[in-house]
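In what follows, a structure is listed as structure tokens, so that the remarks can point back to it.
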Amino acid sequence: MEVSGKQSKGKLIASGIIPFAFLVLLIVYIFGPGSDVLDLGVPLPEITIEKVDFVDSEIQVTVRNTGPIPVEIAMADINDRIQPAAVEPDKFLERYETALVRIPFVWNEAEPYIIGLTIEDGTRFEKEIEAAAPALEPSLELVGFFALIGTYVGIIPVMIGLLWLPFIKKISKQKYHFFLALTAGLLFFLAIDSIEEAIDVSDESLAGSFNGTLLVTTVIVLSFLGLYYTGNKLVKRADSLKISKPVAIALMISIGIGLHNFGEGLAIGAAVGLGSIAFSTFLIVGFALHNTTEGIAIAAPMSRGKGLVGKAIIGKLVALGLIAGSPAIFGAWVGSFVYSPFTSVIFLAIGAGAIFQVIVVIMKWIRNEGDKNFSSAAVVAGFAAGMLVMYLTSILV
Amino acid sequence: MNKSRSKIIITSITVIIAMSALYVAFPESINAQLEGNIFATHTGGVITTTGEVIDPVYTTTTDPEYTEATVQFDPMEYLREFNYGTASTLPDGTTLREFTIIAEDDQVMEISPGIFFNVWTFNGTVPGPTIRSTEGDLVRINFINNGSKSHTMHFHGIHPAEMDGVFEIVGPGGKFTYEFEAGPVGIHPYHCHVMPLEEHIVRGLYGVYIVDPKEGRPAADEMVMVLNGLDMDFDGENNFYAANTIPFYYQNNPIQINVDELIRIYVLNMVEFDPINNLHLHGNLYNYYPTGTSLVPSFYTDMITLSQTERGIIEFEYKYPGKYLFHAHKVEFSEKGWVGIFQVNDNSQQDEKSAEKVEYGS
């Protein structure tokens, strides 16, 4: 066996490569020059208007060729009335290429507009804007505004949630399990919420060729696997990193929630930037209530950390709160200033994957604590309560 | 060893995915910026762009190197082109006018710059040729169908049933001779009458048929305007409207006329889908002869409303030189192309310079 080792390794590699070689041959045969065997049917062109910005006396439209063939942008219209326009860099779009269509137009704030683009075969594609709002120009004032919103909906509520720590610390094991399960329920709700949002955005602004639902699924799984892998490494090395296992778990939960809050910030920033919502104080209150529950999720594992007393724990809690809450600020900045539906979908899906990973970690924690089947009254009631609390607070948003 | 290698692989895959995601998300910010040129629209907006301008200014070319269009259509030429056919006198003194009309349905027309459409044509254009005769003439149309579908020619007017072009369907490669006495006096449409009728009409199989009175009409600068629309995406709504097919053509290429000269326009409304169309003239009023059947005008107005195939003759003279709009006062139609300009020139006083100086609204 030892002698034929090299030979068998070579065979192994060959047997792995041969199917690939055939696949390449097949593709070359189908797409290769002079091969029109499979040229049946009529490929239909498609473009997608991904973004519409209202700037000074001008409407700027970001358009992407999302069809199977190259297209030429031939005409622009606003509310179905033909308008002269400029296309940058040029009007010929290869597959997946984008262009910026600039339409000089004196628009009125808060009015609805339908932007249409016609390609060379006369097909018209349109996008409806509910209320025109001036595109947000990055300014210190706006950066501060969004930082404040991010603080209100992200950092402060999480910190408030963390204040339950002393309470959770003093309760019995049963009640503690209840709170852990409650956390899992809360997070499960958040994950579904993120997925719904991601699919909404992809349905609204991403072309069919992106396979929105599958894109979301794939990114969720990748995000989950990536965090699961690094998370396990983190917990295993907890001792050498001079943090206790509960802190490591809390840290993972914070990171997961942070990724989710980034997506949430993105949604808020984008909504303001696109003028599709009126940003009311009521909405901020709703988000804040909703996110307070996230603090409990971090506090729950922390409460069982040994030797976590006094100032040490306060520092750690603040750090974890910032990790979980502050991404809302960055999300709001990105969402409002450099919004793109594609990145939005990606980040929302990453957030969902992160949360699923956190749920698995918490379930493991409960199992380690003694409830092998997750069937105790405390766990079942906790999970159910978590879902219910989130549903009820979500109505406020 | 294995662990660190797998770490490197995972890291590099993540980096590659992240970079490509960024490129897909923000390609325009990665592209280098070019120097800009200034682009002023006729709506008054001015922007500086590094890209291309899309503006409906029509050019005619059928050079295969530059265009996929096969139809060469010059709206300015069509405007004043009247076809009297090959005239001969029959033994009884009647004038015979013979026309050859060929129907096709594989032509491609550049409707608006960069927008191509498969039109169905009589003699290669939309609208088909303007057929003109005098009341009492014998009109003979040698009709040839070179299309891949059945077509006919149905004339409005007075003629025997078998000359009506409805039941005598002419199949691909077929021929038919239509023969009838020209009448009554006026302007009439002709169009294909094969089912589905709406499709055969909106694709372009129509034209104008004028019957002059025996005593003639006063001398004038005569024009034909077919008000039509095009449904490019087959959703039962017109995407373009125009006088003589090409949107905005006479706005970008004003029709040159003279002060105090009688202008006579034969107007035919061929717009489908929309129940009505209309015609408004700026800075003037016109005499309107519905269907052109009477030599006495019925209205003196600056606004007529026309339903499907409704038509008539309008006559006017301009008192003052300058630029005057004419357009549908159903403004949607004018913003989709049914708008034009009369450039009224004062040739008698060689006064053009002073006319050019006063550019209202520019």
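Line order of the protein sequences matches chains A and B.
Take the first sequence: its position 354, counted from the start at 1, is 354 in this note's numbering, and no numbers get skipped.
Take the second sequence: its position 91, counted from the start at 1, is 488 in this note's numbering, and no numbers get skipped.
Built from N, CA and C at the ideal position, the CB exists for glycine as well.
As the structure is a computational prediction, the values presented were derived from the model and not from experiment.
Any Cβ of chain A closer than 9 Å to the Cβ of I451/B would place that residue at the interface, and such an atom is present.
By the Cβ test, the stretch 498–517 of chain B is in contact with the stretch 544–555 of chain B, since at least three Cβ pairs between them sit closer than 8 Å.
Close to N636/B, with beta-carbon spacing below 8 Å, are these residues of chain A in chain order: T118, G122 and R124. Here the C-alpha atom of V736/B lies approximately 29 Å from the C-alpha atom of E501/B. In the three-state reduction of the DSSP assignment, Y391/A falls in the helix class. If you look at P166/A, you'll find it in the alpha helix (DSSP H) that goes L165 to K170. Remark: three or more beta-carbon pairs, one from each stretch, lie closer than 8 Å, so the stretch 318–331 of chain A and the stretch 258–274 of chain A are flagged as touching. By the neighbour-count definition (other C-beta atoms within 10 Å, threshold 16), Q653/B is an exposed residue. Ranking I73/A, I13/A, P104/A and I78/A by CA distance to the CA of S57/A puts P104/A first. For P341/A, the enclosing alpha helix (DSSP H) has its first and last residue at P341 to N368. Judged by pairs of C-beta atoms under 8 Å, the stretch 478–485 of chain B does not touch the stretch 641–657 of chain B, as fewer than three such pairs exist. Shortest Cα-Cα distance from V52/A to any of A133/A, K9/A and G208/A involves A133/A. Judged by pairs of C-beta atoms under 8 Å, the stretch 688–698 of chain B does not touch the stretch 724–741 of chain B, as fewer than three such pairs exist. Within chain B, the residues G448, E449, I451 and G511 have their CB atoms less than 8 Å from the CB of K91/A, given in chain order. No Cβ of chain B is located within less than 9 Å of the beta carbon of R237/A. Annotation: the continuous alpha helix (DSSP H) that includes I160/A extends over I156 to L162.
Residues of chain B with a Cβ closer than 9 Å to the Cβ of V28/A do not exist, since the nearest Cβ in that chain sits about 23 Å away. Ranked by Cα distance from A86/A, the first of R95/A, A99/A, D80/A and N79/A is A99/A. Look at W517/B here: in three-state DSSP terms it is strand. Of V235/A, N79/A and V106/A, the smallest CA-CA separation from P112/A is found for N79/A. Ranked by Cα distance from V563/B, the options G544/B, G570/B, H588/B and D503/B are led by H588/B.
Taking a Cβ-Cβ threshold of 9 Å, the residues of chain A close to M629/B are T118, D121, G122, T123 and R124, in chain order. Per the coordinates, the alpha-carbon of A297/A lies some 8 Å from the alpha-carbon of L182/A.
DSSP places K127/A in the strand class (E or B) of the three-state scheme. Interface criterion not met: the Cβ of A21/A is under 9 Å from no Cβ in chain B.
For A500/B, the uninterrupted beta strand (DSSP E) run begins and ends at T492 to S509, by DSSP.
Look at D53/A: its C-beta is not under 9 Å from any C-beta on chain B. Looking at the backbone, the Cα of S336/A and that of A349/A are separated by about 19 Å. At a C-beta separation below 7 Å, E732/B has these neighbours in chain A: R81 and I82. By the Cβ test, the stretch 190–205 of chain A is in contact with the stretch 344–359 of chain A, since at least three Cβ pairs between them sit closer than 8 Å.
Against R102/A, the close residues of chain B are I444 and T446, in the order they occur along the chain (beta-carbon pairs closer than 7 Å). Between E729/B and chain A, the shortest Cβ-Cβ separation is below 9 Å. Secondary structure at T522/B: strand, using DSSP grouped into helix, strand and coil. For Q7/A, the number of other beta carbons within 10 angstroms of its own is below 16, and it is reported as exposed. Look at V201/A: its C-beta is not under 9 Å from any C-beta on chain B. With distances taken between CA atoms, Y685/B lies nearest to L703/B out of L703/B, P672/B and E669/B.
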